[in-house]
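Below: one structure, written as structure tokens.
Residue numbers (the UniProt record's numbering): 1 to 600.
Encoded structure:
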């Protein structure tokens with residue numbers, strides 16, 4: 001069985017990523033891209049679906065020993081795990097070097113003390129655990145081939161095959177270093193070059209050290225902010241600038257339930273808010289690359305803007321179910337692709353426009369087509385902002401007039417007006433000022449419940465929605481407006497869990513709820529950070545700081561967060577690690593630091 005979600009570490013090369021469990025098992029790896037088929041899919045099934053375990057040898061009928069200690073080497077994505085055993089201590093260093101050529105997963109075993117018996121067990125299964133590759137030797141190297149893919153396994157120790165698994169049994173002494181490398185290459189091409197593990201390790205450490213040096217945040221939450229920034233960088237697909245929401249698919253929002261989605265794509269919303277956090281912490285190159293990705297993906301067709309694309313800008317993300325995988329802790333179905341790609345979500349226009357506006361305000365070199373795109377988006381909203389949509393949470397129930405969608409349509413128009421007023425674009429200024437006023441009036445009249453003094457999830461509804469917390473953050477209303485304060489307090493009353501974290505919206509257990517799905521879900525971590533932000537904005541800074549630090553305590557030992565927190569099971573749930581959790585962590589840290597609202 002796979003470990004708990006928070007038991008995993010992330011390593012990656014800005015093109016794909018692997019998850020490494022506390023016991024030294026790689027249970028998830030897609031090659032060569034984030035959205036490629038997995039060669040290790042044990043995370044969503046069993047060991048039969050692929051894994052690579054490297055750690056101290058243990059009895060066949062015993063559980064693999066968990067690392068005594070683990071952590072990232074400094075401010076990097078290089079994972080170091082140590083085991084204290086009766087025979088001594090051993091360290092395994094796992095990393096994926098940033099690449100121009102073949103992707104590599106490198107694991108270096110180092111003896112610290114004593115003489116420790118070790119075992120590597122490598123079971124490659126292509127196509128998400130469905131295909132057993134042809135494993136054979138080629139000029140002294142082990143290679144696994146299936147269809148278009150080949151994976152090359154290199155090590156200095158002897159290997160042998162048993163039960164369709166490649167094993168290595170060896171003993172490591174103090175100071176001894178033994179490397180293992182997996183490299184992917186299209187099966188029709190020549191073998192990848194022989195790896196140089198030690199040189200790659202040094203280059204990887206240099207890469208991360210130099211990248212982190214660009215961070216402009218030096219406040220009291222620097223450790224948490226840096227780890228979140230590194231995680232966001234790891235979720236960036238370097239060749240194109242696209243940013244995945246998470247490197248996994250189908251890690252459940254409800255253990256044992258059906259709320260399992262593929263997040264290995266670029267949501268415009270998630271990427272836009274990621275961009276804003278990177279910009280505000282000094283990372284303009286990532287912002288430039290994402291803006292170029294956006295312009296290529298939209299490709300002059302804003303009328304057919306999708307809410308998400310493939311990491312290279314692909315439009316077709318058809319959803320399918322992998323029925324041979326039982327799912328993480330039997331949470332089925334396992335899905336690849338995402339059928340929400342063609343939903344109408346009007347809020348996306350606001351998020352994209354806000355990101356372009358922030359890039360402009362922070363001095364990113366002007367791009368005339370970006371300004372033209374912004375104007376085209378407003379032309380679309382002029383005609384469609386009054387339509388119902390599926391909203392920020394991608395509900396699979398009927399479309400509604402979601403308040404957050406209307407607020408973000410207002411944001412899109414407001415930021416474009418500012419662009420025109422700055423002299424960097426031409427447009428019908430007075431006409432769009434009237435449009436901005438019309439949207440604002442519509443929201444305040446139809447999306448506000450006077451009796452309860454709160455905005456509601458959608459026009460005419462009684463339900464609340466945590467996305468309403470963004471109203472003051474987007475500047476739609478000032479923080480001291482009584483309607484804003486009333487909404488914050490209503491969400492605290494009605495959407496707060498027993499430990500003070502925030503749900504997205506009400507769910508109905510086994511009955512179909514507003515999102516068209518049965519089952520419940522955990523507290524949505526982004527929403528909980530938004531609450532901390534809002535509390536700081538309305539002057540309740542001590543309360544905001546306490547909530548923020550409670551949220552920091554939910555991170556795993558490596559500083560990573562999934563999408564949600566299950567308050568019943570006291571564990572992380574949802575795809576992991578999740579950009580949409582790490583971005584608001586950074587934002588809230590910046591706000592609390594600016595306000596002086598931190599302890600110590």
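Note that the Cβ used here is the ideal one computed from N, Cα and C, for glycine as well. If you're wondering where the values come from, they're calculated on a predicted model, not measured in any experiment.
Exercise. Does the pairing of the stretch 340–350 with the stretch 372–388 give three or more beta-carbon distances under 8 angstroms?
Worked result: yes
Problem set entry | Contained beta strand (DSSP E) runs [length at least 3] in the stretch 55–141, N- to C-terminal order | 69–72, 79–85, 88–95, 104–114, 116–123 and 134–138
Problem set entry | Collapsed DSSP secondary structure at residue 174 in the structure displayed | For this step, residue 174 is matched to residue 174 along the chain shown. If DSSP states are grouped into helix, strand and coil, residue 174 belongs with the strands.
Problem set entry | Other residues of its chain near residue 17: CB distance less than 7 angstroms, five sequence neighbours each side excluded | Numbered from its first residue, the chain shown carries residue 17 at position 17. Excluding positions up to five away in sequence, the list reads 10, 11, 34, 234 and 247.
Problem set entry | Own chain, CB closer than 8 angstroms to residue 265, minus 5 neighbours either side, in chain order | Reading the chain shown from its first residue, position 265 is the one you call residue 265. Counting only Cβ-Cβ distances below 8 angstroms, and skipping sequence neighbours, we find 35, 244, 245, 308, 309, 310, 311, 317, 338 and 341.
Exercise. Is the beta carbon of residue 241 less than 8 angstroms from the beta carbon of residue 290?
Worked result: Position 241 of the chain shown holds residue 241. Position 290 of the chain shown holds residue 290. Contact flag set, yes.
Exercise. Do residue 533 and residue 587 have their CB atoms nearer than 8 angstroms?
Worked result: In the chain shown, counting from the first residue as 1, residue 533 sits at position 533. In the chain shown, counting from the first residue as 1, residue 587 sits at position 587. Yes, the Cβ-Cβ distance between residue 533 and residue 587 is below 8 angstroms.
For this session: Check whether the stretch 167–187 touches the stretch 114–124, taking contact to mean three or more Cβ pairs, one atom from each stretch, closer than 8 angstroms.
Result: yes
For this session: With DSSP as the reference, label residue 302 as helix, strand or coil.
Result: Here residue 302 refers to the residue found at position 302 of the chain shown. In the structure shown, residue 302 sits in a helix (DSSP, three-state: H, G or I).
Problem set entry | Contiguous alpha helix (DSSP H) assignments of at least 4 residues, all confined to the stretch 19–45 | none
For this session: Tell me, please, which residues DSSP counts as bridged to residue 194.
Result: Against the chain shown, residue 194 aligns to sequence position 194. In the DSSP output, where bridge partners are listed per residue, residue 194 has none listed.
For this session: Can you have a look at residue 237 and say buried or exposed, based on whether 16 or more other CB atoms are within 10 angstroms of its CB?
Result: Numbered from 1 along the chain shown, position 237 holds the residue referred to as residue 237. Classification of residue 237: buried, given that the 10 Å Cβ count is 16 or more.
Exercise. Run through DSSP, which three-state label would residue 280 get?
Worked result: Reading the chain shown from its first residue, position 280 is the one you call residue 280. In this structure, residue 280 counts as helix in the three-state DSSP scheme.
Exercise. Are residue 94 and residue 20 close, meaning C-beta to C-beta below 8 angstroms?
Worked result: The residue you call residue 94 lines up with position 94 of the chain shown. The residue you call residue 20 lines up with position 20 of the chain shown. In this structure, residue 20 lies closer than 8 angstroms to residue 94 by Cβ.
Exercise. Going straight from the alpha carbon of residue 477 to that of residue 453, what length do you get?
Worked result: For the purposes of this step, residue 477 is taken as residue 477 along the chain shown, with counting starting at 1. For the purposes of this step, residue 453 is taken as residue 453 along the chain shown, with counting starting at 1. When rounded, the distance between both Cα atoms is 14 angstroms.
For this session: List the residues that DSSP assigns as beta-bridge partners of residue 398.
Result: Indexing the chain shown from 1 puts residue 398 at position 398. Its beta-bridge partners do not exist; DSSP assigns none.
For this session: State the Cα-Cα distance for the pair residue 148 and residue 127, rounded to the nearest angstrom.
Result: The residue you call residue 148 lines up with position 148 of the chain shown. The residue you call residue 127 lines up with position 127 of the chain shown. Near 11 angstroms, if we compare the C-alpha coordinates of residue 127 and residue 148.
Exercise. Would you call the stretch 134–143 and the stretch 103–115 touching, i.e. three or more CB-CB distances under 8 angstroms?
Worked result: no
Exercise. Grouping DSSP H, G and I as helix and E and B as strand, with all else coil, what is residue 3?
Worked result: Working through the chain shown from its first residue, we reach residue 3 at position 3. Coil at residue 3, not helix or strand.
For this session: Just mark residue 406 as buried or exposed, buried being the case when its beta carbon has 16 or more other beta carbons within 10 Å.
Result: Your numbering for residue 406 matches position 406 in the chain shown. Residue 406 is buried by the Cβ-count criterion.
Problem set entry | Beta-bridge pairing of residue 523 - partner residues as DSSP gives them | Within the chain shown, residue 523 is the residue found at index 523, counting from 1. Answer by DSSP bridge pairing, in chain order: 565.
Problem set entry | residue 414 versus residue 99: straight-line alpha-carbon distance, rounded | Reading the chain shown from its first residue, position 414 is the one you call residue 414. Reading the chain shown from its first residue, position 99 is the one you call residue 99. When rounded, the distance between both Cα atoms is 41 angstroms.
For this session: Could you name the residues of the same chain whose beta carbon sits closer than 7 angstroms to that of residue 66, not counting the 5 residues immediately before and after it, in chain order?
Result: In the chain shown, residue 66 corresponds to position 66, counting from 1. Cβ within range, chain order: 22 and 23.
For this session: Please work out which residues of its chain come closer than 7 angstroms, Cβ to Cβ, to residue 216, disregarding the five sequence neighbours upstream and downstream, and give them in chain order.
Result: On the chain shown, position 216 is the one that residue 216 refers to. 281 and 282.
For this session: Tell me whether residue 350 sits in a helix, a strand or coil according to DSSP, three-state version.
Result: By one-based count along the chain shown, residue 350 stands at place 350. Looking at residue 350 - three-state DSSP - the assignment turns out to be helix.
Exercise. Which residue comes first and which comes last in the beta strand (DSSP E) that contains residue 571?
Worked result: Here residue 571 refers to the residue found at position 571 when the chain shown is read from its first residue. Its beta strand (DSSP E) spans residues 571–573.
Exercise. Who are the Cβ neighbours of residue 274 in its own chain at under 7 angstroms, not counting the five residues just before and after it?
Worked result: Translated into the one-based positions of the chain shown, residue 274 becomes position 274. Only 232, 243, 579 and 583 meet the Cβ criterion.
Exercise. Is residue 551 closer than 8 angstroms to residue 524 when the C-beta atoms are compared?
Worked result: Stepping through the chain shown from its first residue, residue 524 is reached at position 524. Stepping through the chain shown from its first residue, residue 551 is reached at position 551. Going by C-beta atoms, residue 524 is not nearer than 8 angstroms to residue 551.
For this session: Leaving aside the five residues before and after residue 373 along the sequence, list all residues of the same chain whose C-beta is less than 7 angstroms from its C-beta, in chain order.
Result: By 1-based counting over the chain shown, the position of residue 373 is 373. Cβ within range, chain order: 295, 298 and 302.
Problem set entry | Inter-residue CB distance, residue 154 and residue 181 (contact presumed, cutoff 8 angstroms) | The sequence position of residue 154 within the chain shown is 154, counting from 1. The sequence position of residue 181 within the chain shown is 181, counting from 1. Going by Cβ atoms, the distance from residue 154 to residue 181 rounds to 5 angstroms, so yes, they are a contact pair.
For this session: With DSSP as the reference, please indicate the residues paired to residue 263 in a beta bridge.
Result: Counted from its first residue, the chain shown places residue 263 at position 263. None; residue 263 has no bridge partner.
Exercise. In terms of alpha-carbon separation, which member of 430, 72 and 58 lies closest to residue 557?
Worked result: For the purposes of this step, residue 557 is taken as residue 557 along the chain shown, with counting starting at 1. Of the candidates 430, 72 and 58, the one whose C-alpha sits nearest the C-alpha of residue 557 is 72.
Exercise. Looking at C-alpha atoms only, which residue of 473, 487, 495 and 553 is the closest neighbour of residue 537?
Worked result: Here residue 537 refers to the residue found at position 537 of the chain shown. Checked all of 473, 487, 495 and 553; the closest Cα to residue 537 is 473.
For this session: For residue 511, collect the residues of the same chain with a Cβ closer than 6 angstroms to its Cβ; drop the 5 residues on either side in sequence, then sort them by chain order.
Result: As a working note, residue 511 is residue 511 in the chain shown. With a pLDDT of only 39 at residue 511, under the threshold of 50, the placement of this residue in the model should not be trusted, and no figure is reported.
For this session: Give the DSSP-derived three-state secondary structure of residue 380 in the structure shown.
Result: Indexing the chain shown from 1 puts residue 380 at position 380. The answer is helix: DSSP assigns residue 380 an H, G or I state.
Exercise. Residue 403 to residue 226, Cα distance in whole Å?
Worked result: Position 403 of the chain shown, counted from the start, is the residue given in the question as residue 403. Position 226 of the chain shown, counted from the start, is the residue given in the question as residue 226. Distance between the alpha carbons of residue 403 and residue 226 is about 34 angstroms.
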